[in-house]
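Numbering (the UniProt record's numbering), first residue to last: 1 to 174.
Worksheet: one structure, shown below.
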C-alpha cells in the first residue's frame, strides 16, 4: 500500500437509517478507527432524510476525525468495504441505508475523478454533515473556497436536524 509519512487528517461523515442505526454506527466507529488514529467523534444527530425515495425513516448522523496513512482512494475503498460488511447494497441514489460512510475532507486535497471527489461535493450544503463536523473542527476550511464549517452551518437549513438523545461514543476530541 502507498502510505503517507506522518499521516493526513481525514473527516468522515457517518449515517444510517435501517436496521439498528445506533449499534451500526458504534460498530462503524470501531472499524474506521482501525484505519488510522481516531482523533475525534462528534455528537450524534437525528435528521430527516434529504432527497431519495419518500417514506424513509430518519437518519442518525455523526462525523469522525481520523489521522491516517492511507491515500484518499485507499481510504475510500476501505470505507466502502466497511459499508459492505455492514450489509450495505447500492441500488438507488439516496435510498435508505444500513450504513453510509462518506470521505468529506482529506487534508487540503482537491480531486475530481470518477471514483473520488474531494472535498465531498455536497458537504458544505448539508446541515446533517456540517453540524457533526462543527463538533470536531468548526474552523475547518473548504480547500477551494476557504469557507469554514461554522460559516457554512450558519447559512444551512437546519430545520430537520436535532441532537439525538441516545447515549453515544462522542463527542471526543483530542
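Glycine residues also receive a C-beta, built at the ideal position from the N, C-alpha and C atoms.
Since this is a predicted model, take the numbers as computed values, not measurements.
For the 9 Å CB-CB criterion, residue 135 and residue 42 form a contact. Taken through DSSP and simplified to helix, strand or coil, residue 158 comes out as coil. DSSP, read as helix, strand or coil, puts residue 75 in helix. Comparing alpha-carbon positions, the option among 8, 129, 27 lying closest to residue 74 turns out to be 8. Membership of residue 135 in the alpha helix (DSSP H) is indicated by the continuous run 127 to 136.
Counted as a single uninterrupted DSSP element, the beta strand (DSSP E) harbouring residue 37 occupies residues 37 to 41. Residue range 45 to 47 is occupied by the beta strand (DSSP E) that includes residue 47. Sequence-distant partners of residue 123 (beyond 5 residues in either direction) whose C-beta falls short of 6 Å from its own C-beta, in its chain, are 104, 129. Spatial neighbours of residue 36 in its own chain (CB-CB distance under 6 Å, excluding positions within 5 residues in sequence) are listed in chain order as 66, 67, 68. Contact check for residue 143 and residue 119: beta-carbon distance about 6 Å, within the 8 Å limit, so the pair qualifies. Take residue 27, set aside five residues on each side of it, and the residues of its chain with a beta-carbon closer than 8 Å to its own are 86, in chain order. Around the CB of residue 23, fewer than 16 other CB atoms lie within 10 Å, so the residue is classed as exposed.
Taking the Cα positions, residue 117 is about 5 Å away from residue 111.
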